[in-house]
Amino acid sequence: MKKHNFSAGPSILPQEVFEKASQAVLDFDNTGLSLIEISHRSKEFVAVYDKAVALVKELLNVPETHEVLFLQGGASMQFLMTAINLMKNEGGKAAYVDTGAWSSKAIKEAKLFGQVDVVASSEDTNYNYIPKGYSIPTDADYVHITSNNTIFGTQFKEFPTTEVPLVADMSSDIFSKPVDVSKFGIIYAGAQKNLGPAGATLVIVKKDLLGNTGRTIPSMLDYQIHIKGESMFNTPPVFAIYVSMLNLEYMKAQGGLKAVEKHNEEKAAMLYNEIDNNPSFVNSVAKEDRSLMNVVFLLKDESKDAEFLAACAEAGISNVKGHRSVGGFRASIYNAMPKESVQALIDVMKKF
Ligand code: PLP
1 MKKHNFSAGP SILPQEVFEK ASQAVLDFDN TGLSLIEISH RSKEFVAVYD
51 KAVALVKELL NVPETHEVLF LQGGASMQFL MTAINLMKNE GGKAAYVDTG
101 AWSSKAIKEA KLFGQVDVVA SSEDTNYNYI PKGYSIPTDA DYVHITSNNT
151 IFGTQFKEFP TTEVPLVADM SSDIFSKPVD VSKFGIIYAG AQKNLGPAGA
201 TLVIVKKDLL GNTGRTIPSM LDYQIHIKGE SMFNTPPVFA IYVSMLNLEY
251 MKAQGGLKAV EKHNEEKAAM LYNEIDNNPS FVNSVAKEDR SLMNVVFLLK
301 DESKDAEFLA ACAEAGISNV KGHRSVGGFR ASIYNAMPKE SVQALIDVMK
351 KF
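Residue 1 is where the sequence shown starts when you use the UniProt record's numbering, and the numbers rise one by one after that.
The structure is reproduced here in structure tokens:
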């Protein structure tokens, strides 16, 4: 039976990427060696790294002012790295928009390094919308947002316009659509949704923001050191970078992020349409803020939740149980999720 994995992450990648990756584990590029055993400083791997960086720059149209890094520690490490690299040592202050659990975790880490002003929050309604119409203090060192809220199914459709450097956790919608990188000070994303295997973390950082805090930063947390070392200050996550490179190549072959966006919009429209028109289900996210990546929905009769999950399992559908803080269901439909899988879920909902 065909399997349909709606996991919120780690999530599926294109079959072609899995196939090429598994071949490279056995024999990388006809070297007779596994990708996993070659030196990260070998010319073969340096070529992979350079290609991955070049593809990120090409797909996202990254300007010369910004550097691309592949680091470790996941997006969670970036919660503190962004703060330690940008917040002034004396009188440092940052603004945060709180749109859910991941924002809250970022806020907690930033508080270790200076003053944090939460300038807007949607906690009042369990994070079912993206706050709008707030002001950002002009003396903040930066403002931080979470562009897509994996747990609550909300997504920024427009980013705040501000003179203050904009930092975005794009873990769950990076590469799902074009973004204007020039508007951001830092973009970061754990790889394991739209990019590649867990273990690599993409960071795109505007170089002239760095080195201005007046604090001593431990080497492993210092973006400037990683830029100087071209992400090889220590051993980089070789396998994760390689698979990310394959997936970036795949995205390019699909026609780039405009084409990826169109596919994502069509898939999400199919699913939201079913939720809105099926009398058994409901989505309580503000319509204009609905995520194209993580579609959350509830059964009006919650006593049937287990029955619905069983019907999904019977159709080969896995990982649609909602996060415990929201309940109900969540279908994560990242780039690699085909329309046929979305249709398979819709078919179960229709029958239910
Ligand atoms: N930020 C967002 C929006 C996420 O969805 C996640 C994980 O799902 C994280 C951060 C944490 O990422 P990591 O596990 O790579 O630290």
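A virtual CB, placed ideally from N, CA and C, is assigned to each residue, including glycine.
Status (buried if at least 16 other CB within 10 Å, exposed otherwise) for residue i
{"i": "residue 274", "result": "buried"}
{"i": "residue 19", "result": "exposed"}
{"i": "residue 39", "result": "exposed"}
{"i": "residue 324", "result": "exposed"}
{"i": "residue 130", "result": "buried"}
{"i": "residue 283", "result": "buried"}
{"i": "residue 237", "result": "buried"}
{"i": "residue 82", "result": "buried"}
{"i": "residue 290", "result": "buried"}
{"i": "residue 253", "result": "exposed"}
{"i": "residue 32", "result": "exposed"}
{"i": "residue 36", "result": "exposed"}
{"i": "residue 65", "result": "exposed"}
{"i": "residue 160", "result": "buried"}
{"i": "residue 255", "result": "exposed"}
{"i": "residue 341", "result": "buried"}
{"i": "residue 47", "result": "exposed"}
{"i": "residue 219", "result": "exposed"}
{"i": "residue 176", "result": "buried"}
{"i": "residue 34", "result": "exposed"}
Unbroken alpha helix (DSSP H) run spanning residue i, endpoints
{"i": "residue 18", "result": "15-26"}
{"i": "residue 82", "result": "74-86"}
{"i": "residue 256", "result": "256-277"}
{"i": "residue 121", "result": "Taken as a continuous stretch (DSSP letters only), residue 121 belongs to no alpha helix (DSSP H), being part of the beta strand (DSSP E) at 115-121."}
{"i": "residue 57", "result": "43-60"}
{"i": "residue 305", "result": "305-314"}
{"i": "residue 239", "result": "238-253"}
{"i": "residue 348", "result": "339-351"}
{"i": "residue 302", "result": "Neither: residue 302 is in no alpha helix (DSSP H) and is coded neither H nor E."}
{"i": "residue 110", "result": "101-110"}
Integer Cβ distance of residue i from residue j, believed to fall under 8 Å
{"i": "residue 181", "j": "residue 174", "result": "No, residue 181 and residue 174 are not in contact; Cβ-Cβ is about 11 Å, not under 8 Å."}
{"i": "residue 316", "j": "residue 4", "result": "5 Å"}
{"i": "residue 163", "j": "residue 138", "result": "6 Å"}
{"i": "residue 195", "j": "residue 244", "result": "5 Å"}
{"i": "residue 6", "j": "residue 280", "result": "Between residue 280 and residue 6 the Cβ distance is about 18 Å, and since that is not below 8 Å, they are no contact."}
{"i": "residue 338", "j": "residue 261", "result": "Residue 338 to residue 261, Cβ: 16 Å. No contact."}
{"i": "residue 100", "j": "residue 127", "result": "4 Å"}
{"i": "residue 148", "j": "residue 172", "result": "4 Å"}
{"i": "residue 12", "j": "residue 336", "result": "5 Å"}
{"i": "residue 242", "j": "residue 24", "result": "6 Å"}
Range of the contiguous beta strand (DSSP E) that encloses residue i
{"i": "residue 223", "result": "It is not in any beta strand (DSSP E) - residue 223 instead sits in the alpha helix (DSSP H) that spans 223-228."}
{"i": "residue 159", "result": "Looking at the DSSP string, residue 159 is not in any beta strand (DSSP E), and its letter there is neither H nor E."}
{"i": "residue 146", "result": "142-146"}
{"i": "residue 66", "result": "66-71"}
{"i": "residue 201", "result": "201-206"}
{"i": "residue 167", "result": "166-169"}
{"i": "residue 186", "result": "186-190"}
{"i": "residue 286", "result": "Here residue 286 belongs to no beta strand (DSSP E), and DSSP marks it neither H nor E."}
{"i": "residue 320", "result": "Taken as a continuous stretch (DSSP letters only), residue 320 belongs to no beta strand (DSSP E), as it is neither H nor E."}
Cβ pair residue i, residue j closer than 8 Å
{"i": "residue 114", "j": "residue 92", "result": "yes"}
{"i": "residue 112", "j": "residue 80", "result": "yes"}
{"i": "residue 334", "j": "residue 270", "result": "no"}
{"i": "residue 150", "j": "residue 240", "result": "no"}
{"i": "residue 120", "j": "residue 110", "result": "no"}
{"i": "residue 214", "j": "residue 88", "result": "yes"}
{"i": "residue 299", "j": "residue 56", "result": "no"}
{"i": "residue 349", "j": "residue 278", "result": "yes"}
{"i": "residue 29", "j": "residue 44", "result": "yes"}
Option nearest residue i by Cα separation, candidates the options
{"i": "residue 193", "options": "75, 349, 36", "result": "75"}
{"i": "residue 221", "options": "70, 341, 297", "result": "70"}
{"i": "residue 184", "options": "208, 172, 244, 264", "result": "208"}
{"i": "residue 118", "options": "340, 129, 243, 98", "result": "98"}
{"i": "residue 326", "options": "122, 153, 112, 84", "result": "153"}
{"i": "residue 2", "options": "312, 349, 77", "result": "312"}
{"i": "residue 250", "options": "94, 15, 141", "result": "15"}
{"i": "residue 272", "options": "230, 241, 297", "result": "297"}
{"i": "residue 158", "options": "146, 50, 339, 260", "result": "146"}
{"i": "residue 224", "options": "116, 7, 85, 62", "result": "85"}
{"i": "residue 141", "options": "165, 246, 257, 338", "result": "165"}
{"i": "residue 210", "options": "176, 30, 67, 46", "result": "67"}
{"i": "residue 169", "options": "42, 205, 55, 352", "result": "205"}
{"i": "residue 267", "options": "344, 61, 11", "result": "344"}
{"i": "residue 22", "options": "197, 51, 217", "result": "197"}
{"i": "residue 246", "options": "41, 46, 52, 29", "result": "52"}
{"i": "residue 61", "options": "258, 242, 190", "result": "258"}
{"i": "residue 330", "options": "309, 54, 314", "result": "309"}
{"i": "residue 77", "options": "201, 346, 341", "result": "201"}
{"i": "residue 302", "options": "295, 322, 34", "result": "322"}
{"i": "residue 306", "options": "227, 352, 136, 189", "result": "352"}
Within-8 Å CB hit, residue i to chain C
{"i": "residue 29", "result": "Judged by its chain identifiers, the structure shown contains no chain C, having just a single protein chain."}
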